[in-house]
Every structure is written in C-alpha cells, then in structure tokens.
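Inspection log for the structure reproduced underneath, given as structure tokens.
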Amino acid sequence: MDEESNDFVIEAGALMLADNGVCCIDEFDKMDLRDQVAIHEAMEQQTISIAKAGVRATLNARTSILAAANPIGGRYDRAKSLQQNIHLSAPIMSRFDLFFILVDECNEVIDYAIARKIVDLYRNIEESVEKVYSKQEVLQYISFARKFKPIISKEAGDLLVRYYTRLRLRDSTSTGKSTWRITVRQLESMIRLSEAMARMDISDEVQPKHVREAYRLLNKSIIRVEQPDIQLGDDADHSIHEDEPMNEETPEPTQVVQKKKMVLSFEEYKAISNKIVVYMRRGRN
C-alpha cells in the first residue's frame, strides 16, 4: 500500500527485477510449497499474473533461474533418485532444463585446493591469474550473443526428434531409478539448449553439432546422476541354487551361512568394467 495515496500498488519482486537477466535462488529446497507453485508460471510462461486487492496485471519475468538446493540429511544418497534426495515437487523439477549434482566425496587433491582457497580468502591473498578476457569483454560478448535468434535447420530438427525418441525409449526400458519420466518438457529443454549453443557460436542457424552438445549436457545432467551403488554376488548365488537339484545333503535354512555383500560405487564399477574391456581388447590383439 502506498503511504501517500493509501492505494494498493504493485511492488516488483526478485523475478521481475531480474527481467532479461538471471535470478539466483539459494536454499531452493527450503522454499514454501506455496512459493514454489507461484513461480510455475514464471518458469513456464515467463510472466507473472497478479490479481489482488482489485489490481489485475500480467508482468514480464523473462529471466533464467539458477537455483541451489541441499539434499535431505546433508548428503546425496546415490541409491535414491534425485527427487527423493531433495524436497522439491515433480512439477517444479520438470521446469528446470539442467541438474548438476555436486557430491561431497573425499579427495585429497580437491580438498586441499578448496581449503587453500578459503584460507587465502580470509588472509586477503589473491592469486595473480592471467585472464584471457576481461570481465567487460565477456559481458559484451554475452550481450551480443543474446541478440541472435537462431532458426532450427532441417538436419538439426531431425536429430532432435531422434534424440528425444531415444530418451523416451531408454526411460521406458530402464530398470533403475530415474530422476523423473522423460516428457515433452525434456524435448523443449533440448531445443532451448541447442539454441543457446548456436548463440554461443554467433550463428543464425541451429546445426546438428549444437543439438549433439545439447543432448550431451541433458544426458549428463538428468540421466547419469542417479546411478546407485552396485551390489555383487546376489544374482549369481540365486542362479546357482535354482539350477542345483534338491538332495538330502542340502542344509537347513537355519544352517545357511550369511555371506558378506560386496558393494561398489557406480564410478568404481565403471572404472573396473572399462579396464576389463581394455584387457580383453589387448588379448584379442
């Protein structure tokens, strides 16, 4: 309410103030459900509709949202999907184009670099880094690139359709936990990313190379983040017991010795599998 006229007026919030820019939101998982629902329109239509106290208006909120959230319990559980790790609804998650998971893993080199940087900041020590481009030059480049409105070529359009059908097929046949179901929103995300890649190249046309890079980003962000740990031994033991015939010497259930399960992280599993492939290829040669 305006103090001078005592009339209700519209006061711009964060999304409207960030029109044609980027709105950064921290602690996104702690946002009230009512506020999450309120930004659905802003993320989908790039507008905000207001109908309060006799004031009706539709305001522009053409902004990109960069949000940060913490997992439940403070640590990301690889055995669960992304939605189960953060307190966000499926509709609000589907409106984000990309997700990047920062897993807090023990790494001596990375931990030392982070600690060294934090200590130097507190000591007001700045490293003399030779910058290729100045901040002003980067801002000018971004401002110039945003003026381009690239058009999707026929080859790029065919590739978008093929990649989308591949994502849908993988989602329908996947036996693991997925972040969410692949819908048309992911196709729209791939289109926006492809257009952004074309703008980065200062191109008036979206080419297949832009679509491939957009697919790679989308594939990395929403497909590979939810891989659970790999448990070894269970399937092999069950298959052996099912194939063997029952005989009198078979021990009673109470006599079965509990075997210790061997668990590998997905990264360890991939590293071992890659080494096996390399070893087998060398053996053939």
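For what it's worth, this note's numbering labels the leading residue of the sequence shown as 2, then goes sequentially.
Cβ coordinates follow ideal geometry from the N, Cα and C atoms, glycine included.
Given Ala-237, which residues of its chain have a CB within under 6 Å of its CB, disregarding the five upstream and five downstream residues?
-> Legend: pLDDT at Ala-237 = 43, less than 50; position of this residue unreliable, value from coordinates given subsequently. Here the set comprises nothing.
With burial defined as no fewer than 16 other Cβ atoms inside 10 Å of the residue's Cβ, what is the status of Tyr-280: buried or exposed?
-> exposed
Keeping to the same chain, check which residues put their C-beta closer than 7 Å to that of Glu-45; ignore five residues upstream and five downstream.
-> Arg-96
Between Asp-30, Tyr-142, Asn-220, which lies nearest to Gly-293 when the distance is taken from Cα to Cα?
-> Residue 293 falls outside the range modelled here, since the chain spans only 2 to 286, and no answer is possible.
DSSP three-state call for Met-247: helix, strand or coil?
-> Residue placement at Met-247 cannot be trusted, given a pLDDT of 49 that sits under 50; the coordinates are not used to answer.
Nearest-angstrom Cα distance between Glu-106 and Ala-69?
-> 18 Å
Nearest-angstrom Cα distance between Ile-11 and Val-56?
-> 8 Å
Decide if Ser-144 is buried, meaning its Cβ has at least 16 other Cβ atoms within 10 Å, or exposed.
-> exposed
Taking C-beta to C-beta, are Gln-47 and Ala-58 nearer than 8 Å?
-> no
For Gln-38, which three-state DSSP category applies?
-> The amino acid at residue 38 is misidentified as Gln; the sequence shows Val. Looking at Val-38 - three-state DSSP - the assignment turns out to be helix.
Arg-117 classed as buried or exposed, judged by whether at least 16 other C-beta atoms fall within 10 angstroms = exposed
In the DSSP assignment, what are the bridge partners of Cys-25?
-> Leu-67
Asn-86 (DSSP reduced to helix, strand or coil) | helix
What does a CB cutoff of less than 6 Å around Glu-214 pick up in its chain, not counting 5 residues either side in sequence?
-> Met-198
Less than 8 Å separating the beta-carbons of Leu-168 and Ile-183?
-> yes
With distances taken between CB atoms, is the gap from Gln-208 to Ala-146 smaller than 8 Å?
-> no
If you count every other CB in all the chains shown that lies within 10 Å of the CB of Ser-190, and 16 or more means buried, which is it?
-> buried
Can you check whether the CB of Ile-26 is closer than 8 Å to the CB of Ile-66?
-> yes
Which runs of the alpha helix (DSSP H) spanning at least 4 residues fall entirely within the region 121-171, listed in chain order?
-> 136-146
Cys-24 versus Ile-115, Thr-64, Asp-78, residue with shortest Cα-Cα distance | Thr-64
What number of angstroms, rounded off, separates the C-alpha of Thr-166 from the C-alpha of Leu-219?
-> 14 Å
By Cβ distance, which residues of its chain are closer than 7 Å to Glu-42, with the 5 residues on each side in sequence left out?
-> Thr-48, Ile-49, Ser-50
Residue from Glu-206, Tyr-134, Phe-101, Lys-271 with nearest C-alpha to Ser-154 = Glu-206
According to DSSP, is Arg-57 helix, strand or coil?
-> strand
May I have the straight-line CA-CA distance separating Arg-186 from Leu-140, to the nearest angstrom?
-> 30 Å
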